[in-house]
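Peer 1: In terms of UniProt numbering, the sequence shown is residues 1 to 348. C-beta atoms are modelled at their ideal positions from N, C-alpha and C, and glycine is treated no differently. Note that this is a predicted model, so its numbers are computed, not measured.
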Amino acid sequence: MDEKDIPRNLREEEEEENQSEETKILISSLPWEIDYLGNKLFMFQGYWYYEDVLKSIPNIHSSFQSQETDIIVASFYKSGTTWLKALTFALVQRSKHSLEDHHHPLLSHNPHEIVPYLELNLYLNSSKPDLTKFISSSSSSSPRLFSTHMSLDALKLPLKKSPCKVVYVCRNVKDVLVSLWCFLNANKGVEWGDFSQNEKIIRAENYSFKAIFESFCNGVTLHGPFWDHALSYWRGSLEDPKHFLFMRYEELKAEPRTQVKRLAEFLDCPFTKEEEDNGSVDKILELCSLSNLSSLEINKTGSLGGVDYETYFRKGQVGDWKSYMTSEMVNKIDMIVEEKLKGSGLKF
């Protein structure tokens, strides 16, 4: 029987099986380490991944076809991802969803539902997920919205043929570390080595802050090393500012109006004078504020992948690390990051 005579669904199943076997062989050949959670991390092309996340990367590379009007929200985890997803969605969809609409999607859906991860949601268990439910990019006012925790190095291949807009938020590594530790201990029932599971496990003890700290210092963390991750997007923003925007969490906190307007300009949906006069900037900031999002019923009671939405909202403070780190810890990680970023122009 000729290949063209084989039903399409059977051909796709066979392709996925072959690709899955190739990925298994690849993973078995990779160097690995045990992380602070006791899970295996595999080193692939300069970055660390859990096995199931690693399996999604070939799927993305082979099947994800970016479109010029796509928008990808990128970040290292615990860097302001939830906030940036909400802001991005509210900005690009404000012509469709009024900021004063009592049925605005952000009032009934968590930002992680609205802007799904490529590697943790869409391509985790499929090489060809159904993307038809996303808004068509045939209209510049209705872009498709995706997100990722992958580095830009891992994204370059699928974006090569059709570059799209990528906005990256970076946060001081010390606050990232503290936020991660608090997040993990708020979700002790989640098995982080397997993102496809939905059932919670029982874990009584807290995760070790010292163990997480040492892993960060060694660069052995999911999607890490942290500094290489940040540098990939920093360099991308310098080389191609039309397609890559590098934002700092600290600047978003200090100058929210200025930074949101900057984000809107980058996304080709700048505020008109009429919108500014009508207070649209402040309305978006209020709608997407962590205090407002955390007070919504969906974010008090909802969950996704075993993670309760309420745990995505904590203090969100700049400099919260001062309450958790010793001076020795601070000096150690600051020296490491400074050395790793030397000569790049990127500083914290």
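1. DSSP on Tyr309, reduced to helix/strand/coil?
2. Can you list, in chain order, the residues of its chain whose CB lies under 7 Å from that of Ser97, leaving out five sequence neighbours each side?
3. Cα separation between Met325 and Glu275?
4. In its own chain, which residues sit with a C-beta less than 6 Å from the C-beta of Pro111, not counting the 5 before and 5 after it?
5. Pull up the DSSP beta-bridge partners for Glu33, would you.
6. Expressed to the nearest angstrom, what Euclidean distance is found between the alpha-carbon atoms of Gln259 and Asn218?
7. So, under 8 Å CB-CB, residue 421 and Glu22 are touching, yes? Tell me the CB distance rounded to an integer number of Å.
8. Can you list, in chain order, the residues of its chain whose CB lies under 7 Å from that of Val281, leaving out five sequence neighbours each side?
9. Tell me which same chain residues have a C-beta within less than 6 Å of the C-beta of Ser136, skipping the five on either side of it?
10. Quick one, are the C-beta atoms of Leu231 and Leu341 less than 8 Å apart?
11. Taking buried to mean at least 16 other C-beta atoms within 10 Å of its own C-beta, is Gly46 buried or exposed?
12. Runs of 4 residues minimum, wholly inside the region 41-69: which ones carry the alpha helix (DSSP H) assignment?
13. On the CB-based measure, 16 or more other CB atoms within 10 Å of its CB, does Ile212 come out buried or exposed?
14. When you compare the region 163-177 with the region 311-323, are there three or more beta-carbon pairs, one atom per stretch, that lie closer than 8 Å?
15. Using the C-alpha atoms, what's the distance from Leu54 back to Ile336?
16. Could you work out which residue in Phe209, Leu152 and His109 is closest to Leu293 when comparing CA atoms only?
17. Looking at the secondary structure, which residues open and close the alpha helix (DSSP H) in which Thr81 lies?
18. May I ask you to report which of helix, strand or coil DSSP gives Glu199?
19. Which residues mark the beginning and the end of the beta strand (DSSP E) in which Phe216 is found?
20. So, helix, strand or coil for Cys269, using DSSP?
21. Residues in its own chain within less than 8 Å of Glu100 by CB, not counting five upstream and five downstream?
22. Between which two residues does the alpha helix (DSSP H) harbouring Phe226 extend?
23. Look at the alpha carbon of Glu152 and the alpha carbon of Gly279, and state the distance between them as a whole number of angstroms.
24. In terms of alpha-carbon separation, which member of Cys288, Leu290, Glu33 and Asn206 lies closest to Cys182?
25. Quick one: measure Cβ to Cβ for Phe246 and Trp234, integer angstroms, because I've assumed they're closer than 8 Å.
Peer 2: On the basis of the data shown:
1. The answer is helix: DSSP assigns Tyr309 an H, G or I state.
2. Reading the sequence as shown, one finds His at residue 97 and not Ser. Cβ neighbours of His97 beyond the five flanking positions: His104 and Pro105.
3. 43 Å
4. Here the set comprises Thr82, Lys85 and Ala86.
5. Leu41
6. 32 Å
7. Since the displayed the chain opens at 1 and closes at 348, residue 421 lies outside it and no answer follows.
8. Arg257, Val260, Lys261 and Phe271.
9. Only weak support exists for where Ser136 lies, its pLDDT of 48 falling under 50; the value from the coordinates is given anyway. Take Ser136, set aside five residues on each side of it, and no residue of its chain has a beta-carbon closer than 6 Å to its own.
10. yes
11. exposed
12. 51-63
13. buried
14. Yes, the region 163-177 touches the region 311-323.
15. Going from the Cα of Ile336 to the Cα of Leu54 covers about 27 Å.
16. His109
17. Note, Thr81: alpha helix (DSSP H), Thr81 to Val92.
18. Residue confidence for Glu199 is low, a pLDDT of 48 falling below 50, so the modelled location carries little weight; the figure read from the coordinates is stated next. If DSSP states are grouped into helix, strand and coil, Glu199 belongs with coil.
19. Careful: Phe216 lies outside any beta strand (DSSP E), inside the alpha helix (DSSP H) at Phe209 to Asn218.
20. Correct three-state label for Cys269: coil.
21. Lys283
22. Phe226 to Glu239
23. According to the sequence provided, residue 152 is Leu. The question's Glu does not apply to it. Whole-angstrom Cα-Cα distance: 35 Å.
24. Asn206
25. 6 Å
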